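Working notes for the structure below.
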Amino acid sequence: MNRELKRVVIVIMAMFVSLLVSSSTIQVLAADELGRDPRNVRSVYDAYKTQRGAILIDGTPIAYSEASDDNFRFLRIYENPMYSAITGFFSFYQGATGLESSMNSFLTGKNSSQFFEQVNALLSGNPVTGASVELTIDPVVQKAAWDALGKLKGAVVALDPKTGNIIAMVSKPGFDANRLAVHDGITSGNNYAELLADTSSPLVNKAISGTLYAPGSVFKILVAAAAIESGKYTAESTLPNPVKYKLPGTNTFIQNSGESKCGGKATVSIADALRFSCNIPFAQLGVELGQEAIRDQAEKFGFGKTVEIPLRSTASVYPENMDDAQTAMSSFGQFDVRVTPLQIAMMSAAIANNGKIMKPNLIENVVSANLSSLFAPSPQEYASPISESTASAVRNMMIDAVARGVSSNASIKGITVAGKTGTAQNGKGEPYTLWFTGFAPAENPQVVVAVVIEDGGGQGQGGRGNTLAAPVAKKVIQAVLRK
Amino acid sequence: MTSANTSTVAIDIKKIARVTPRKRNIEIWLLFFAFGINAFELAQIQLSTIEILTFDILTYWAPLAIAATVLHFILRFRASEADALILPAVVLLNGLGIAEIYRLDLATLAAGGTEVFAFRQVIWTVVAIAAASAVVWFVRSHLFLRRYVYISMVIGLVLLISPALPFIGTSINGAQLWISIAGLTFQPGELAKIALTIFFAGYLVTRRDSLAVVGRRFVGIQLPRARELGPILAIWAVSLLVLVSQRDLGTSLLYFGLFLVMIYVATGRAIYVVVGLGMFASGALLASRIMDYVGRRFDSWLNPFDPKFYDAAGGSYQLVQGLFGLAHGSVLGTGLGGGVPQLVPLAESDFIIASLGEELGLAGMFAILALYLLIVSRGLRVAFNHNDDFSKLLTLGLSFVIALQTFIVIGGVTRVVPLTGLTTPFLAAGGSSLLANWIIIGLLLRISDTADSRERSGVSSF
Numbered sequence: 004m005n006r007e008l009k010r011v012v013i014v015i016m017a018m019f020v021s022l023l024v025s026s027s028t029i030q031v032l033a034a035d036e037l038g039r040d041p042r043n044v045r046s047v048y049d050a051y052k053t054q055r056g057a058i059l060i061d062g063t064p065i066a067y068s069e070a071s072d073d074n075f076r077f078l079r080i081y082e083n084p085m086y087s088a089i090t091g092f093f094s095f096y097q098g099a100t101g102l103e104s105s106m107n108s109f110l111t112g113k114n115s116s117q118f119f120e121q122v123n124a125l126l127s128g129n130p131v132t133g134a135s136v137e138l139t140i141d142p143v144v145q146k147a148a149w150d151a152l153g154k155l156k157g158a159v160v161a162l163d164p165k166t167g168n169i170i171a172m173v174s175k176p177g178f179d180a181n182r183l184a185v186h187d188g189i190t191s192g193n194n195y196a197e198l199l200a201d202t203s204s205p206l207v208n209k210a211i212s213g214t215l216y217a218p219g220s221v222f223k224i225l226v227a228a229a230a231i232e233s234g235k236y237t238a239e240s241t242l243p244n245p246v247k248y249k250l251p252g253t254n255t256f257i258q259n260s261g262e263s264k265c266g267g268k269a270t271v272s273i274a275d276a277l278r279f280s281c282n283i284p285f286a287q288l289g290v291e292l293g294q295e296a297i298r299d300q301a302e303k304f305g306f307g308k309t310v311e312i313p314l315r316s317t318a319s320v321y322p323e324n325m326d327d328a329q330t331a332m333s334s335f336g337q338f339d340v341r342v343t344p345l346q347i348a349m350m351s352a353a354i355a356n357n358g359k360i361m362k363p364n365l366i367e368n369v370v371s372a373n374l375s376s377l378f379a380p381s382p383q384e385y386a387s388p389i390s391e392s393t394a395s396a397v398r399n400m401m402i403d404a405v406a407r408g409v410s411s412n413a414s415i416k417g418i419t420v421a422g423k424t425g426t427a428q429n430g431k432g433e434p435y436t437l438w439f440t441g442f443a444p445a446e447n448p449q450v451v452v453a454v455v456i457e458d459g460g461g462q463g464q465g466g467r468g469n470t471l472a473a474p475v476a477k478k479v480i481q482a483v484l485r486k
Numbered sequence: 037m038t039s040a041n042t043s044t045v046a047i048d049i050k051k052i053a054r055v056t057p058r059k060r061n062i063e064i065w066l067l068f069f070a071f072g073i074n075a076f077e078l079a080q081i082q083l084s085t086i087e088i089l090t091f092d093i094l095t096y097w098a099p100l101a102i103a104a105t106v107l108h109f110i111l112r113f114r115a116s117e118a119d120a121l122i123l124p125a126v127v128l129l130n131g132l133g134i135a136e137i138y139r140l141d142l143a144t145l146a147a148g149g150t151e152v153f154a155f156r157q158v159i160w161t162v163v164a165i166a167a168a169s170a171v172v173w174f175v176r177s178h179l180f181l182r183r184y185v186y187i188s189m190v191i192g193l194v195l196l197i198s199p200a201l202p203f204i205g206t207s208i209n210g211a212q213l214w215i216s217i218a219g220l221t222f223q224p225g226e227l228a229k230i231a232l233t234i235f236f237a238g239y240l241v242t243r244r245d246s247l248a249v250v251g252r253r254f255v256g257i258q259l260p261r262a263r264e265l266g267p268i269l270a271i272w273a274v275s276l277l278v279l280v281s282q283r284d285l286g287t288s289l290l291y292f293g294l295f296l297v298m299i300y301v302a303t304g305r306a307i308y309v310v311v312g313l314g315m316f317a318s319g320a321l322l323a324s325r326i327m328d329y330v331g332r333r334f335d336s337w338l339n340p341f342d343p344k345f346y347d348a349a350g351g352s353y354q355l356v357q358g359l360f361g362l363a364h365g366s367v368l369g370t371g372l373g374g375g376v377p378q379l380v381p382l383a384e385s386d387f388i389i390a391s392l393g394e395e396l397g398l399a400g401m402f403a404i405l406a407l408y409l410l411i412v413s414r415g416l417r418v419a420f421n422h423n424d425d426f427s428k429l430l431t432l433g434l435s436f437v438i439a440l441q442t443f444i445v446i447g448g449v450t451r452v453v454p455l456t457g458l459t460t461p462f463l464a465a466g467g468s469s470l471l472a473n474w475i476i477i478g479l480l481l482r483i484s485d486t487a488d489s490r491e492r493s494g495v496s497s498f
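Here it is as C-alpha cells:
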C-alpha cells in the first residue's frame, strides 16, 4: 500500500504546486495588467491612501495634496489653470489625465525605484509618501505664452533645442482642475460633463494631442529640408513661378496665398519661395521630389510616432498613397497632413540644433519624500533627421522669412529670429488654422517655439499666421531671452 | 490485522515512558508561538484600521488559545505520542482566519453595515475544538470506528442528500449546500466527508482483495471485473446526484476524488482512477451543458474578463474582483488591514483566501499553502507508519480530503479549476466547516498517537 501512498503524495504535491504557480502568476506576472483594468478600483483607492506627491515648478507647487477631514484624507489642489494641460487632473470619480496619470506611480510612491521605502513602510506601518515631480517649465515663459494667447483658442510649445527640455506648454482654453478634484461625486460629475460638452475642448492638451491640425505653410520647412537633404537641390535652386498652377491630373487650379506673384519673375528660388511662402513652387517641388522622399523625411522628424515626454503625444500624420495632385497639396501643408504643435516644434528644433532633435522632456527631477532623487532624465538625442549643412541652409531661409519676408511679425529688435508662419485652410467657409514656428537667437538658439491658433483667431478666413500667431511667438521668445 | 499485538506492547511501553512526553513539550512551545502570531495579527489589524488597541483583541484571541491549550492537555493525558506539529499549524490557520474575518467586520462596521461574522467564528472555533477534544478523549482507539462502517455510510449519505430535501434544504448564492433548521443554517456536506471517509476505509479494507482481482484484458488494459464496478458506479451516481441536486461541482468532485484515491490505494489498480475520472468528467460535462448554473461557472472560469460574463448575474464579477485583490497584494501584500478585500463579495467565507492574498501577498499565500501542506503531510506520514490497512486508509482519506478541498477552493479562486461552493478549511467563516475539519484533526491526532508509538525504538521524531 505504501507504493500507492507515494503516488498519492505526488498527486498532492502536483496540486499544491499548481496553486503556487497560479497564485504567482496572478500576484506577480499578471499583477500590473490586472491593476490597470478599468474595472479595478483598487488603484484609485491606493492613490488616495497616501499623500500624493506634488508637481513643482522651480520648487513651487502647481498641484499638491492637502489633508482633508473626509474619507479621502487628502484633497488635490491646483494652483493655476495655465498649467492644466500639463498637470491634467486627478479625480476620484473621473480618473486622471496629464502628468497626474503618466507620473502616477511616482506621485503615489508605488514606483519600483521606491522599493526600499515600500518595504520600510510595510514594516513601520506608515504609508509611503508620494514623490514630488519637478518640471522643466519656466514659469515666466509659461505665463507669457498663456497671456499672449489671451482669449484665443490654441496651443504653444516652447523648448530648449539643445536639451529638449520643454520651457512652456500651454493649451487654450484651460480648465480649473479643482472642479474635478472635489470629493463630492455629483459636483465632480456635473463639472466633468460640462467640460466634456464644451466645444472648445478644454480637457484636451492641444499641444500634443486632440484632433491635430493641418500645418499649412509651416510644412514647407519640412519640404525644403527634404529637397536640400536629397542633394538634388540647394536653397538657390529655382522652380517655375506661374500665377496659376493646374494640379496634375485634375482641372483644378491653385494660386499663391493672396494671389501673390511670388516675386513676379518666371522662376523663383526655394529660399524666396519660403520667404514669400508661395504655394505653387512648393507644390511643384513636392511633386518633383515625390511623396516617398517627403514621407521619409517626415518620419525622420518624428511623424508617425508618439513621444512620451512623459505625456504621450499623438503621432502626426503624412498621408499614404496620394496621387500627384494630393502630393502637390500636401507639400504646402494641406490635404490630409495633420500635426501636433509638439511635432512642429521638434521639426524646428532640428533646424535650430544643427540637424539633431533632442528628446522633448518635461521632467527635471523626481524627488522622494526623504529628498533623494529617484529619476532625473538627462538630455538624450531623439533623432538626427537632417545634416548640419541642410539645417544651416533652412535656418538661413527662416531668418530671411522673418527679416525680409511674410513672417515679419516675429522680428525682435537686436535679435535674429528664424521662423515661418502658416495659415492652413480647413475646407470651404471654415476658419483658418494659424501657425508660427521658429527659434531665436538664430546664431545660438535658446528657444524653439511653435504656436497654433484655432478658428482663425476669431477672424474666420481673415486671420493670418503672421498677424496673430507670430506676435504670440515673439512674446514667448522675448520672455525666454528676458528682452 | 497484525498490528493488534504490537500496539498492545506499545501501550505498555508508553505507560513507562510517560515521564517524558517530549512531543507534547514541543507542541506547547509551538502553540505559544502560534498564539503570539495570532495576537500580533489582531493587533496589526486594529492599529492599521481603527488605529488604537482595544480589549476586543482578547475576545478574538483568548478563546482559541484557551481551547487549543485544553486540547493540548487532553493530548498529554490521552494521546501523549500524537503528532506535535498538526495542532499548532491548525491553530495558526484558524487564528489567521478569525483575524481576517474580524478585519472584514471592522470594514463592514466602518461602512455602516451590521452583518458581522468574527464573534460567531470564535464561538464555532471553541465548539469545534471541543468536538475534536471529545474525539481524542472518547475514541480511545480509532479501530473502534470499524464497527460503524455501514452506519457511517447511512449517516454520510443522509447528510449529503439532506440539502436537497424539501423544507430544510436552503440555497445560498445558487448552490444548494445548506440545511436550515430553526433559523440555524448548516452545511451538512462538511460532516458527511468524515462519515464517508470512515465508510470508504472500512468498506475497501474488506473488499480490497476482490476489487483487486483482475478481469479481462481489453486493448491492452486490464479491466476490473464487471461486478466490482457496482460500488464505483453507485458512488458515481451519488456524486452526480449531488452535483445535480445541489448544483455544486466542488462538493461532488470532493467526494468522488476522495473515493477514487482511496480505492486506488486499497487495490493498487490505477484503472479505477482512469475509469472513474472519465466517468466523472463526462458526467460533469453533460451537467454543464444541461444545467445553466454549472455551465455559467465554466464560462466564468474560462473567460472571466469577458464583459458578457462579468456583468451577468452570477457571472465572473466575484472571481475577477478576487483576482484584482490578489494582484493588488502582489509579493508582500498590503499588510493586514491595509487592503480593500471587502470589495469582493463573500470576502469572509468563499473568498477568504483572496482577502488574505491581498493583505499578506504572495509571501502569505505561500505560507498558508505551506501550513496546509504541513498538516496534510503529517497526516500522510501517519498513514505510512501504520501497519494496519484500515488505519492507513482512514488516515489517507482524512488527509487527502483536506488537501483536495484546499485545492478545489484555492484553485477556484486562482482559476486553476472552476469556482465552487466549498469552503477553505479552518480559514473561512462558517461553523460546519470548522466543526468538520477540527473533528478530522481530532481523528488524525488520535490515530497518530498509536502510529508513532510503534517506532519508539527507532529514530526519534516528532
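For the protein sequence lines, the chains are H and P, in the order given.
So the first sequence is numbered by the numbering used here: it starts at 4 and just counts up by one.
So the second sequence is numbered by the numbering used here: it starts at 37 and just counts up by one.
In this text, a Cβ means the ideal position worked out from N, Cα and C, and glycines have one as well.
Note that the coordinates shown come from a computational prediction; the quantities given were computed from them, not determined experimentally.
Taking C-alpha atoms, which residue in L121(P), R176(P), A79(P), S169(P) lies nearest to L132(P)?
A79(P)
Quick one: is Q30(H) near chain P, going by C-beta distance under 8 Å?
yes
Classify V409(H) as helix, strand or coil using the three-state DSSP reduction.
coil
Between the CA atoms of L377(H) and V320(H) - distance to the nearest angstrom:
35 Å
Terminal residues of the beta strand (DSSP E) in which V451(H) lies
450-456
Within 10 angstroms of the Cβ of D61(H), are there 16 or more other Cβ atoms? Answer buried if so, exposed if not.
exposed
If you measure from the beta carbon of T460(P) to each beta carbon in chain H, is any gap under 8 Å?
no
State the DSSP-derived secondary structure class of F378(H), mapped to helix, strand or coil.
strand
Any beta carbon from chain P within less than 8 Å of D72(H)'s own beta carbon?
no
What is the rounded straight-line gap between the Cα of G8(P) and the Cα of V12(H)?
Missing from the structure shown is residue 8(P); chain P here goes from 37 to 498 and no further.
Any beta carbon from chain H within less than 8 Å of E491(P)'s own beta carbon?
Any reading at E491(P) must be qualified, since the residue scores a pLDDT of 47, below 50, and its modelled position is unreliable; the value itself is stated next. It does not; no Cβ of chain H falls within 8 Å.
Tell me whether the segment 92-100 of chain H and the segment 187-197 of chain H touch, counting them as touching only if at least three CB pairs, one residue from each stretch, are closer than 8 Å.
yes
Between the CA atoms of I29(H) and L288(H) - distance to the nearest angstrom:
58 Å
Residue environment, Q383(H), which counts as buried when at least 16 other CB atoms sit within 10 Å:
exposed
Buried versus exposed call for W65(P) [16 or more other C-beta atoms within 10 Å across all chains shown]:
exposed
Would you kindly work out how many angstroms separate the C-alpha atoms of Q357(P) and D335(P), rounded to a whole number?
16 Å
Comparing C-alpha positions only, which one of S263(H), P251(H), P474(H) sits nearest to V420(H)?
P474(H)
From what residue to what residue does the alpha helix (DSSP H) around K9(H) run?
5-27
Given a cut-off of 8 Å, decide if L290(P) and L89(P) are closer than it, judged by their beta-carbon atoms.
no
Inspect the beta-carbon positions of E20(P) and G415(P) and report whether they are closer than 8 Å.
There is simply no residue 20(P) to check, as chain P begins at 37 and stops at 498 in what is shown.
Let me know the secondary structure DSSP gives F155(P) once reduced to three states.
helix
Span separating the alpha-carbon of D187(H) from that of A196(H):
14 Å
Same chain, Cβ closer than 7 Å to S324(P), neighbours up to 5 away in sequence not counted:
V330, G331, F334
Okay, do the segment 102-118 of chain P and the segment 164-173 of chain P touch, 3+ Cβ pairs below 8 Å being the bar?
yes
Just verifying my parser: in three-state terms, what is the DSSP assignment at P224(P)?
helix
Taking all protein chains shown into account, do 16 or more other C-beta atoms lie within 10 angstroms of the C-beta of T214(H), making it buried, or fewer, making it exposed?
exposed
Taking Cβ-Cβ distances shorter than 7 Å, what residues in chain P pair up with L37(H)?
L359, F360, A363
Let me see if you follow: with CB-CB separation under 8 Å, is G494(P) close to chain H or not?
Confidence in G494(P) is poor, its pLDDT being 40 and thus under 50, which makes the residue's placement unreliable; the coordinate value appears in the next sentence. No, G494(P) lies away from the interface with chain H (no Cβ there is under 8 Å from its Cβ).
Pull up the distance between the alpha-carbon of T343(H) and that of P218(H), whole angstroms please.
9 Å
Chain-ordered chain H contacts of A439(P) [CB-CB under 8 Å]:
I15, M18, F19
beta-carbon I81(P) near the ligand MG non-hydrogen atom, thresh 7 Å
In terms of ligand content, the structure shown is empty, and the ligand MG therefore cannot be addressed.
Do A229(H) and M400(H) count as a contact pair if the criterion is CB distance below 8 Å?
no
Determine, for A99(H), whether the minimum Cβ-Cβ distance to residues of chain P falls below 8 Å.
no
Going by DSSP, which residues form a beta bridge with K247(H)?
Q258(H)
Between the CA atoms of N429(H) and G466(H) - distance to the nearest angstrom
13 Å
Considering only residues of the same chain and omitting the five flanking positions on each side of V20(H), which have a CB-CB separation below 6 Å?
none
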